[in-house]
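Residue numbers for the sequence shown follow full-length UniProt numbering, so the first one is 2 and each next one is one higher. These notes concern the structure reproduced below.
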Amino acid sequence: ARRNTNLREMDIASHLHAQTNLKAHETTGPLIVAGGEGCYFYDDSGKRYLDMHAGLWSLSLGLGNERLAEAAARQFKTLAYAQTFGHRSSEPVIELCDALVNLAPVPMSKTMLQSSGSEANDTAVKIAWYYWNSRNEPGRRKIIARKRAYHGTTAVAASLTDLPHMHAGFGLPLPGFLHVSCPDTYRGPNEGESEAEFATRLAEELDATIRREGPETIAAFIAEPVMGAGGIYTPPDTYFPKIREVLDRYGILLIADEVICGFGRTGSWWGSQSYGVQPDMITSAKALSSSYLPISALMINQKIYETIADKSDSVGVFGHGYTYGGHPVCAAVALETIRIYQEDALIDRAAGLDAVMRRHLEPLKDHPLVGDVRGRGLMWGVEVVADKQTKKAFEPAQKVGARVSNACFQKGLNTRAVGGHVLAFTPALIVTEEEISTAAGLLTDALDQVEAELKQEN
Ligand code: PMP
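Structural data, given as structure tokens:
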């Protein structure tokens with residue numbers, strides 16, 4: 002197994018990496034991923050890794066899918082690009098927007114395409130602003146998101162996000178972006194408080210925040226059905242209905258960020274269906290194209306569409322859109338992805354694998370390092386804690402989550418410590434029971450190893 006040192010040096014010399022310690026990269030260099038098949042990828046030394054994170058919760062059909070490669074090749078030859086400004090469109094774009102509106106968990110009116118989840122959320126916020134401006138309430142500018150949320154990386158999407166390293170040094174969040182508590186059912190509920198009572202308390206917190214700020218200043222609330230990168234928090238069943246009640250009291254719009262949860266991850270087409278979310282706008286990306294090509298979608302309901310359509314008549318133009326919004330090749334691949342979900346019944350398959358994930362992961366609750374195991378469908382998290390009784394977290398500086406994920410990686414298992422302390426188990430929808438079982442075994446070994454190391458250090 003030979004590694005390509007030349008490429009490694011080129012990378013260190015020229016590639017600005019995302020979400021990492023830039024200085025440390027100069028010593029470590031990159032992991033060069035060279036290829037893969039299904040749920041496995043391999044590096045340039047030929048070492049194989051079982052990918053339990055499916056890329057970044059995105060590679061839903063795994064690597065090497067011939068149908069997607071052929072759909073892209075066909076579309077490249079037919080029409081590689083057409084812009085969609087003004088009244089132009091192309092066949093795959095029309096078919097995809099129609100398919101999405103038909104699949105939507107609640108009645109949706111229109112779909113707008115972009116290239117990334119961040120752009121979709123950015124667009125949703127701009128549409129919320131445009132909506133309130135159209136209704137002669139331009140003072141409604143503030144957006145409420147939730148603590149620990151990740152919604153992307155553009156200046157607006159990073160402002161919706163509440164992860165300190167995404168704000169520090171960038172002067173973010175922008176003014177008018179607020180964050181309320183998230184439904185962390187592991188640490189959130191008070192002593193003796195039921196999940197339903199906890200959900201009610203969170204809705205009351207939202208209500209109090211809106212009243213404090215003044216409802217006439219609030220445009221929208223955004224949430225993922227299951228919070229992903231913040232730590233895989235599945236909400237109590239009553240949480241979203243209660244939140245919707247509060248928002249309705251003040252006419253505030255609800256944006257569901259389905260970038261991770263959409264397309265089967267929680268065992269339904271949409272996380273909104275699994276958790277009773279009734280959104281006015283929905284954003285999706287990632288599994289929309291199994292991440293083979295960059296594409297995201299924003300859906301808006303009829304109430305919003307009517308309002309902004311009237312307004313754009315009066316000023317002449319709806320002034321938003323991207324060069325790559327509605328790229329025909331990306332749209333063709335997304336359409337083919339959706340057809341594969343349907344023909345291979347992969348959403349039902351994800352629901353069925355819930356029991357398999359549960360069977361393999363729940364026993365880890367007995368591990369000395371594991372405080373909680375939670376999830377649904379193919380979206381599971383294993384939370385490491387310093388003290389199981391008190392639920393005390395490890396100090397962030399100890400980086401225990403990262404140590405476990407690094408130990409997994411050495412053993413050939415790819416996962417990630419999301420929120421710093423929750424090992425993500427979010428494989429492709431094509432994952433087999435055997436692969437889940439193998440992965441759970443490797444995670445157990447990694448936890449044992451880190452536990453032994455920590456004992457030695459103390
Ligand atoms: N929303 C959520 C919930 C996400 O997890 C992500 C990406 N991890 C995004 C938005 C941003 O998507 P992108 O990286 O495609 O901009």
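For every residue, glycine included, the Cβ atom is placed at its ideal position computed from N, Cα and C.
Start-to-end residues for the alpha helix (DSSP H) that takes in residue i
i	result
R266	Unbroken run through R266: none, as it is neither H nor E.
G353	347-362
G118	118-135
H26	23-29
H166	165-168
D99	92-104
D12	6-15
E337	329-344
Unbroken beta strand (DSSP E) run spanning residue i, endpoints
i	result
D44	41-44
Q399	Taken as a continuous stretch (DSSP letters only), Q399 belongs to no beta strand (DSSP E), as it is neither H nor E.
V385	380-385
T79	Here T79 belongs to no beta strand (DSSP E); instead the alpha helix (DSSP H) covers 67-79.
L60	It is not in any beta strand (DSSP E) - L60 carries neither H nor E in the DSSP assignment.
A35	34-38
R149	R149 -> no beta strand (DSSP E), and no H or E assigned at all.
D52	49-52
L114	111-115
M282	282-285
R377	371-377
M300	297-301
Neighbourhood of residue i by C-beta distance below 8 Å, restricted to the same chain and skipping five residues each side
i	result
E138	E217
L17	L23
Y132	A220, L254, I305, T308, I309
R245	L255, V278, Q279
E259	E225, P226, W271, G272, S273, I283, T284, S285
L443	L51, C409, K412, G413, L414
Cα-Cα separation, residue i to residue j
i	j	result
T324	T85	8 Å
D373	Y187	7 Å
L175	A81	37 Å
L347	E96	21 Å
A453	Q399	15 Å
S406	N415	7 Å
F199	R375	17 Å
V227	V451	28 Å
A257	D208	18 Å
S312	H88	The sequence given here has Lys at residue 312, not Ser. One C-alpha to the other measures close to 17 Å.
Y293	G382	25 Å
N122	Q457	46 Å
R141	E434	49 Å
L51	L62	14 Å
A25	P31	11 Å
S195	S291	38 Å
G47	V34	9 Å
P364	A425	16 Å
L203	G65	43 Å
Y342	A429	12 Å
G39	G263	20 Å
A351	T439	18 Å
V432	G215	48 Å
T235	G229	9 Å
I223	R147	8 Å
F241	V247	10 Å
V419	E384	9 Å
E67	A105	27 Å
Check: residue i C-beta below 8 Å from any heavy atom of the ligand FAD
i	result
V330	Absence of the ligand FAD from the depicted structure is noted, with the ligand PMP being the only ligands included.
Cutoff 7 Å; reference residue i; Cβ partners in own chain excluding five residues on either side
i	result
N459	none
T210	I145, L179, V181
A55	S61, T427, P428, A429
S355	Checking the sequence shown, residue 355 turns out to be Asp, not Ser. Counting only Cβ-Cβ distances below 7 Å, and skipping sequence neighbours, we find G268, R377, G378.
Cutoff 6 Å; reference residue i; Cβ partners in own chain excluding five residues on either side
i	result
A332	P93, V94, L97
T154	S119
L114	A298, G326, G327
Q303	S110
S269	S275
K393	A387
R5	Arg is not the amino acid found at residue 5; the sequence shown has Asn there. These residues qualify, in order along the chain: D45.
Every unbroken alpha helix (DSSP H) within the region 231-266, with a cutoff of 4 residues, ordered by chain: 240-251
Go through the region 158-223 residue by residue and report every complete run of the beta strand (DSSP E) that reaches 3 residues or more, in order. 178-181
Pick out the complete beta strand (DSSP E) segments inside the region 403-437, 3 residues or longer, and give them in chain order. 423-426
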